[in-house]
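Written out below as structure tokens is the structure these notes cover.
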Amino acid sequence: MKVAVISDTHDRLPTLRRALAMFKRMKVDAVLHAGDFVAPFAAKLLVDPRVAPEAPLHCIYGNNDGERVGLKKVLPMVIDGPWRGKLGGRTIVMHHWIEWFKPGETDGADVVISGHTHEIVNETREVAGKKVLYLNPGECCGWLTDRCTVALLDTDTLEAQIIEVAD
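Number 174 marks the last residue of the sequence shown (our numbering); no jumps.
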């Protein structure tokens, strides 16, 4: 299963449009957004069939998502983290910031996804005798790094590819 992972879009429509168009071309099976949409007008792109891939969307609020009522109207599936689910037979947990996970919330996970720092993390760690993929796709907005980065998670291999979305 191919899972698109995106975070920290911060209202930057051009980079979000490019990332979603790429995911649509790839025909991803699911999209995960780790928070910081910021405003509902930008979040609308995630569910716009002209732009977004035809795939289930799972998303959580970030620390900059202040207009929660408006975001919930646009994205009825958005929740406070953590999100926990199974995709491609893998248990995935997602929170906006890795530090927000409480003890036990990542237990049994195959993949732990976070955002917030705008810094890429793509590493496998040994946790309680099990290999766990820790993934932060960086920032889709590119405000801090001048790079729009996202991730493509392959649940079969339990590996992720960080992709820089070009202009």
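Where a beta carbon is used, it is the ideal one built from N, C-alpha and C, also for glycine.
Here's a check: name, in chain order, each residue in its chain whose Cβ is nearer than 8 angstroms to the Cβ of residue i, leaving out the five neighbours to either side.
i, result
"Glu65", "The question names Glu, but residue 65 is His in the sequence shown. Cβ neighbours of His65 beyond the five flanking positions: Ala37, Val38, Leu39, His40, Met84, Trp90, Gly92, Met101."
"Lys79", "Val85"
"His103", "Ser14, Ala41, Gly42, Asp43, Ile67, Tyr68, Gly69, Asn70, Gly88, Ser121, Gly122, His123"
Might you give, ordered along the chain, the residues of its own chain that have their beta carbon closer than 6 angstroms to the beta carbon of residue i, omitting 5 neighbours on each side?
i, result
"Thr98", "Gly115, Ala116, Asp117"
Out of the options, which has the shortest C-alpha to C-alpha gap to residue i?
i, options, result
"Val54", "Glu74, Val76, Arg24", "Arg24"
"Leu140", "Pro60, Ile127, Pro63", "Ile127"
"Gly149", "Thr131, His125, Ala167", "His125"
"Arg75", "Pro47, Ala59, Val10", "Pro47"
Can you list, in chain order, the residues of its chain whose CB lies under 7 angstroms from that of residue i, leaving out five sequence neighbours each side?
i, result
"Ala49", "Thr16, Asp18, Leu20, Leu23"
"Trp107", "Gly88"
"Val45", "His17, Asp18, Asn71, Asp72"
"Thr113", "Val100, Val119"
"Lys9", "Met33, Val35, Asp36, Leu159, Asp161"
"Ala62", "Val35, Asp36, Ala37, Val38"
Which of the three DSSP states is assigned to residue i in this structure?
i, result
"Trp104", "coil"
"Val157", "strand"
"Leu78", "helix"
"Val118", "strand"
"Val58", "coil"
"Ala135", "coil"
For the stretch 17-55, which segments carrying the beta strand (DSSP E) assignment without a break, of at least 3 residues, lie completely within its bounds, in sequence order?
Listed in chain order, they are 37-40.
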